[in-house]
Structure formats: C-alpha cells, structure tokens
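27 is the number that my numbering gives to position 40 of the sequence shown; each next residue is one higher, with no gaps.
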Amino acid sequence: MIYVMADIHGNMRRFKSVMNQINLQPEDTLYVLGDVVDRYPDGIKILRMIMSMPNAKMLLGNHEYMMMNAIGDGQEETGMLLGDRAKRLWYRNGGQVTHEYLKHIRKSIREEVFSFLRQLPYNIDVEVNGIKYKLVHASPLENFTTSHYYSSRYRSKAEFAIWERWNETMPVPEGYVMIFGHTPTIHFHYEEPLRIWKSDEAIGIDCGCGYADGRLACLRLDDMKEFYSDEKEGENG
-12 MIYVMADIHG NMRRFKSVMN QINLQPEDTL YVLGDVVDRY PDGIKILRMI
38 MSMPNAKMLL GNHEYMMMNA IGDGQEETGM LLGDRAKRLW YRNGGQVTHE
88 YLKHIRKSIR EEVFSFLRQL PYNIDVEVNG IKYKLVHASP LENFTTSHYY
138 SSRYRSKAEF AIWERWNETM PVPEGYVMIF GHTPTIHFHY EEPLRIWKSD
188 EAIGIDCGCG YADGRLACLR LDDMKEFYSD EKEGENG
C-alpha cells in the first residue's frame, strides 16, 4: 500500500493517531510531503522517526528549508539566506519551538538531521494502479519558468517548488495527478473539519495540522481511502 501525508508541523499526537490507523507494514511505503517541523514542539522527534523508517520517503518542505537557512546548515547554491533575516522569517512561521529543541540535543544528532534534510528531493513521481502521481510540497518543478515574475521572486527551482502556492489556475504536468501540501485545503473548499480536496488533476492533503483547529490527513493511493487524526484527545503529547 502507498500512503501520502503532509504538513505534520511537530504535532506528535496527531501523527501517532494517523500512524496507528494506517498500521504501516514493511511492504508499504509512506510518502511525507515536507513540513514535519515547526509550530508544535515535536518536529525533530517526528523527523527522526521518519528517518528511522526504511519504508518512508520525504520531500523537503519550506519549513525545513527555513530551518536550514536560519542556523547555517544550508547550501549556498540553493539560494539560501543566512543570518538574522532568515531567523526572523523562521520564527515568524513557528520555528522558535523547533530551535529551542535543537539547542538541547547532541551535536551528532543535529548533524545527522541536517545531513538527511540536505539530500531530500523537491518532487517525487510514483505510479499506483496505472495512475502517475506527481508528489510535491507546494508546486511542481516543471511549472517554474524564467518569466520575470518567477525569476524576481525565487532564486531557484528549489525555492519555487517549496514556496509557490499552487492554485486551480496553474497547470499540472501533463499525464499526472498532482498531490500537494503547503496550502491548507480550506483555500479550495469549505469543510468542517478540514478534509482532503480533490479535482481531476490535483489533490490537496494539508488539512491544517499546524493549527489548533486543523488535523492531520493521510491518503492511501491504492484505494483512495482517507485517514484523519482523532481530535477527541489533547492537542499534543
């Protein structure tokens, strides 16, 4: 079975709730479309859990990208901004709680985490039941152009892929169904609580796990079954 989730944002309780439901088996694969960290306190713990899972694959999200920028573990060629400006941006987006945790872990663990993040892809292609899926955090790399708008806003395809919010006026690479996170599904339809959004060519799975009134979603591609975190208990822990 193939499972896809996105935008966990450090919420361990919601992550465990979904993982208990899907009961991942060794022959299954879980794809995590970035933004494991920030806003809730357990992002690094969840990230290390994902790192330890041989059948889990992850994309880089803009929150991991901001974290690497802010504390100097990024790569210059990807257009990263180091220093106070980057740290302020990260903190404005919920990064302080992650930074506080990083300050109290061993340097070797921190280096292991950043080494893992540096090698993550921006998009992944998978095929299930004859359907080709383009897994992205925010937008497909193919949509990046050299137009003045994108070249002035983003320094690279990498920045575009993790920051540019896809919407229904934008194309999907031909022959694919695109699955994306980054933009909560309330921007596409109004459902309470938030639910996965689907069109013929695109599926949004960010159901606001980074916020108190959101939840974590997971989609099984084999039969399109949807899983959601149980919101009856406390928010985290």
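We put the beta carbon where it would ideally sit given N, CA and C, even for glycine.
Since the model is a prediction, treat every value here as computed from it, not as a measurement.
Which residues bound the alpha helix (DSSP H) around R207? What you label residue 207 is simply residue 220 of the sequence shown in a count that begins at 1. Element bounds for R207: not the alpha helix (DSSP H) but the beta strand (DSSP E), A204 to R207.
Given that a residue counts as buried once 16 or more other Cβ atoms are within 10 Å of its Cβ, and exposed if not, what is H176? For the purposes of this step, residue 176 is taken as the residue at position 189 of the sequence shown. Counting of Cβ neighbours within 10 angstroms places H176 among the exposed residues, the total staying below 16.
Which value, in whole angstroms, describes the spacing of the CA atoms of K44 and W184? What you label residue 44 is simply residue 57 of the sequence shown in a count that begins at 1. What you label residue 184 is simply residue 197 of the sequence shown in a count that begins at 1. Their backbone Cα atoms lie some 22 Å apart in a straight line.
Would you call M6 buried or exposed, if buried means 16 or more other Cβ atoms sit within 10 Å of its Cβ? As a working mapping, residue 6 is identified with position 19 in the sequence shown. The residue in question, M6, is buried, as its Cβ has 16 or more Cβ neighbours within 10 Å.
Delimiting residues of the alpha helix (DSSP H) encompassing L122: In the sequence shown, counting from the first residue as 1, residue 122 sits at position 135. Segment I118 to V123 is the beta strand (DSSP E) holding L122; no alpha helix (DSSP H) there.
May I have the straight-line CA-CA distance separating E178 from T172, to the nearest angstrom? Residue numbering aside, residue 178 sits at position 191 when the sequence shown is read from its first letter. Residue numbering aside, residue 172 sits at position 185 when the sequence shown is read from its first letter. Each residue's Cα considered, the two are about 9 Å apart.
Cβ-Cβ distance between P127 and P160 below 8 Å: For the purposes of this step, residue 127 is identified with residue 140 of the sequence shown, where counting begins at 1. For the purposes of this step, residue 160 is identified with residue 173 of the sequence shown, where counting begins at 1. A contact, by the Cβ cut-off of 8 Å.
Under the assumption that N49 contacts H(-4) (Cβ atoms under 8 Å), give the Cβ distance between them as a whole number of angstroms. Within the sequence shown, the letter at position 62 stands for residue 49. Within the sequence shown, the letter at position 9 stands for residue -4. About 12 Å separates the two Cβ atoms, so there is no contact after all.
Grab me the residues of E151's own chain with a C-beta within less than 6 Å of its C-beta, minus the 5 sequence neighbours each way, in chain order. Your numbering for residue 151 matches position 164 in the sequence shown. So the list reads A125 and S126, once near-sequence residues are dropped.
Residues near Y109 by beta carbon distance below 8 Å, same chain, minus five either side: Mapped onto the sequence shown, residue 109 falls at position 122. Excluding the 5 residues flanking it on each side, Y109 has same chain C-beta neighbours closer than 8 Å at L46, L47, V123, H124, L128, K144, A145, A148 and I149, in chain order.
Take L34 and list the residues in its own chain whose beta-carbon comes closer than 7 Å to its own, dropping the five residues that flank it on each side. Here the question's residue 34 lines up with position 47 in the sequence shown. Here the set comprises V23, V24 and V100.
Quick one: what's D112 bridged to in DSSP? Here residue 112 corresponds to residue number 125 of the sequence shown, with the count starting at 1. Looking at the DSSP output, D112 bridges to K121.
Might you give, ordered along the chain, the residues of its own chain that have their beta carbon closer than 6 Å to the beta carbon of R1, omitting 5 neighbours on each side? Numbered from its first residue, the sequence shown carries residue 1 at position 14. Here the set comprises C196, L203 and S216.
Taking the straight line between their C-alpha atoms, what separation do you get for Q8 and A57? Along the sequence shown, one-based indexing puts residue 8 at 21. Along the sequence shown, one-based indexing puts residue 57 at 70. In a straight line, the C-alpha of Q8 is about 35 Å away from that of A57.
Taking T85 as part of the alpha helix (DSSP H), name the residues at either end of that continuous run. Within the sequence shown, residue 85 is the residue found at index 98, counting from 1. For T85, the uninterrupted alpha helix (DSSP H) segment begins and ends at Q83 to L89.
To the nearest angstrom, report how far apart G168 and Y27 are at their CA atoms. In the sequence shown, residue 168 corresponds to position 181, counting from 1. In the sequence shown, residue 27 corresponds to position 40, counting from 1. It is roughly 17 Å from the alpha-carbon of G168 to the alpha-carbon of Y27.
Can you check whether the CB of L11 is closer than 8 Å to the CB of V(-9)? Taking the sequence shown and counting its residues from 1, one reaches residue -9 at position 4. Taking the sequence shown and counting its residues from 1, one reaches residue 11 at position 24. V(-9) places its beta carbon 8 Å or farther from that of L11.
Tell me, to the nearest whole angstrom, how far the beta carbon of L104 is from that of M165; I am working on the premise that it is less than 8 Å. On the sequence shown, position 117 is the one that residue 104 refers to. On the sequence shown, position 178 is the one that residue 165 refers to. Incorrect: roughly 23 Å between the Cβ atoms, too far for contact.
List the whole-angstrom C-beta distance separating L206 from I192, where the pair is believed to meet the contact cut-off of C-beta under 8 Å. Translated into positions along the sequence shown, residue 206 becomes position 219. Translated into positions along the sequence shown, residue 192 becomes position 205. In this structure L206 touches I192 by the C-beta definition: roughly 6 Å separates them, less than 8 Å.
Bridge partners - V(-9), DSSP secondary structure assignment: Start at 1 with the first residue of the sequence shown, and residue -9 comes out as number 4. BP columns for V(-9) point to Y18 and L206.
In the DSSP assignment, find the beta strand (DSSP E) that holds I58 and state where it starts and stops. Here residue 58 is taken as the residue at index 71 of the sequence shown, counted from 1. First-last for I58: undefined, no H or E at that position.
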